[in-house]
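Take a look at the structure below.
In the numbering used here, the protein residues as written are 22 to 121.
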C-alpha cells in the first residue's frame, strides 16, 4: 500500500520503477548499467541529471527499444524539440525499430 501511495505522489519514482524493471530483464538478467544510473537519478528526483545520462548514453540506450520508447515518452515529453537528444526525438522512431 505504501509503495502505491509513493508512486501516485512521485511520477519520477514511478518512471524509475518501470525502467528498473525493464533493464533487469536485459542482457541475460545482468541489466543495463547506464539505465541503472538513470534510475538512480530519477529516484533522487534529479530530472536534469537523468536527462544528462540519456544524452551521454544514448548510443547504448537505443539498443533497447522498449526502454528508449519509455524514456522518449516520459522523460522528454513536453520538452522543446531542439532540446531533445536526437536519439529520443519522435522523428527518429523509424531508425531504431529494427529489433521490434
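We put the beta carbon where it would ideally sit given N, CA and C, even for glycine.
May I ask which residues mark the beginning and end of the alpha helix (DSSP H) holding residue 69? Here residue 69 is taken as the residue at index 48 of the chain shown, counted from 1. Counting along the chain, residue 69 sits inside the alpha helix (DSSP H) bounded by residues 68–82.
Alpha helix (DSSP H) containing residue 37: first to last residue? Taking the first residue of the chain shown as 1, we reach residue 37 at position 16. 32–45 is the extent of the alpha helix (DSSP H) around residue 37.
How long is the line joining the alpha carbons of residue 79 and residue 91, rounded to whole angstroms? Working through the chain shown from its first residue, we reach residue 79 at position 58. Working through the chain shown from its first residue, we reach residue 91 at position 70. Answer to the nearest angstrom: the Cα atoms are 13 Å apart.
Within the same chain, show all residues whose beta-carbon is closer than 7 Å to that of residue 45, passing over the 5 residues directly before and after it, in chain order. Here residue 45 is taken as the residue at index 24 of the chain shown, counted from 1. Once the five neighbours on either side are set aside, the close Cβ partners of residue 45 are 52.
Buried or exposed: where does residue 101 fall if 16 or more other Cβ atoms within 10 Å of its Cβ makes it buried? Residue mapping note: residue 101 aligns to position 80 of the chain shown, counting from 1. For residue 101, the number of other beta carbons within 10 angstroms of its own is below 16, and it is reported as exposed.
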